[in-house]
Amino acid sequence: MPARLLYVMDPMCSWCWGFAPVLESLAGQAAAAGVPLQLVVGGLRRERIAVDAAARVRYLGYWQAVNASTGQLFDFDRGLPEGLVYDTEPACRALVTARQLDPESAWPLAKLIQRAFYTEGVDVTQAAALVALAEQAGIPRIEFAEAFDSPAMHAATAADFAWVQDLGIAGFPTLLAQRNGQLALLTNGYQPLATLAPLLGRWLEQAAHG
Numbered sequence: 001m002p003a004r005l006l007y008v009m010d011p012m013c014s015w016c017w018g019f020a021p022v023l024e025s026l027a028g029q030a031a032a033a034g035v036p037l038q039l040v041v042g043g044l045r046r047e048r049i050a051v052d053a054a055a056r057v058r059y060l061g062y063w064q065a066v067n068a069s070t071g072q073l074f075d076f077d078r079g080l081p082e083g084l085v086y087d088t089e090p091a092c093r094a095l096v097t098a099r100q101l102d103p104e105s106a107w108p109l110a111k112l113i114q115r116a117f118y119t120e121g122v123d124v125t126q127a128a129a130l131v132a133l134a135e136q137a138g139i140p141r142i143e144f145a146e147a148f149d150s151p152a153m154h155a156a157t158a159a160d161f162a163w164v165q166d167l168g169i170a171g172f173p174t175l176l177a178q179r180n181g182q183l184a185l186l187t188n189g190y191q192p193l194a195t196l197a198p199l200l201g202r203w204l205e206q207a208a209h210g
């Protein structure tokens, strides 16, 4: 199996939003060595429970911690409105759909979903919002909408969740490097680029020689 980076994430995970610029740089570093990036979705929250006032305060506290650590921007006023059903499965399924239809669009769509959710107050649990964002990422609207609702995409998303669970990955972001069927853990949790770029560099050098 060719070498590749596997980015295990959830587009509605605030630390993944914080990690996005780091991942962007690491993906570029890997691509320069001919190693592609593949997204794997983790399914952070799969519960049909509306956000109440207490939960909103708790979640916004996470956002503030991510902002303080990473500098990524958030709209604290419009974000996480009361009544939002914080179910990350639809946004994850959107990325799986993009990965199936046009692998090159999966990461651009992930960034669009993250930006919409964290900085624009968009409810990205809604199919209409995800279809519109997929169109921005270059995927034809009708093609995406039909695939997104299909049993095959529900199953493929569940398969990602099961793979992540079977590996024992409990937190996101997680970045793995795969070569010859072997997985190497680059990070579980946010780490700055200055820490991860040398680690990835050493792995890429080893991959190039064997």
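In full-length UniProt numbering, the protein residues as written are 1 to 210.
Ideal Cβ placement from N, Cα and C applies to all residues, glycine included.
Asked                                                                                                                : Found
Other residues of its chain near residue 172: CB distance less than 7 Å, five sequence neighbours each side excluded : 8, 9, 10, 13, 15, 16, 42, 44
Three-state class that DSSP yields for residue 156 in the structure shown                                            : helix
Reduced DSSP secondary structure (H/G/I, E/B, other) of residue 188                                                  : strand
Residues near residue 91 in its chain [Cβ-Cβ closer than 8 Å; skip 5 each side]                                      : 10, 11, 12, 113, 117, 124, 125, 130
Outcome for residue 28 when other beta-carbon atoms lying within 10 angstroms are tallied against a minimum of 16    : exposed
8 Å contact criterion, which residue 87 and residue 46 should meet: CB distance rounded                              : 6 Å
Helix, strand or coil at residue 165 [DSSP, three-state]                                                             : helix
Own chain partners of residue 145 with C-beta closer than 6 Å, once the 5 adjacent residues on each side are dropped : 131
Continuous beta strand (DSSP E) stretch holding residue 38: start and end                                            : 37-41
Own chain residues within Cβ distance below 6 Å of residue 156, not counting five before or after                    : 96
Check whether residue 76 and residue 190 have beta carbons under 8 Å apart                                           : no
Burial state of residue 82 (16 or more Cβ within 10 Å)                                                               : exposed
Cβ neighbour criterion (16 or more within 10 Å) applied to residue 142                                               : exposed
Residue 209 versus residue 179 - alpha carbon distance                                                               : 12 Å
Within 8 Å, strictly: CB atoms of residue 134 and residue 197                                                        : no
C-alpha distance - residue 186 paired with residue 84, whole-angstrom precision                                      : 34 Å
Limits of the unbroken alpha helix (DSSP H) element including residue 70                                             : 53-70
Contact under 8 Å by Cβ, residue 109 with residue 127                                                                : no
Straight-line gap, residue 168 to residue 136 (C-alpha atoms, nearest Å)                                             : 34 Å
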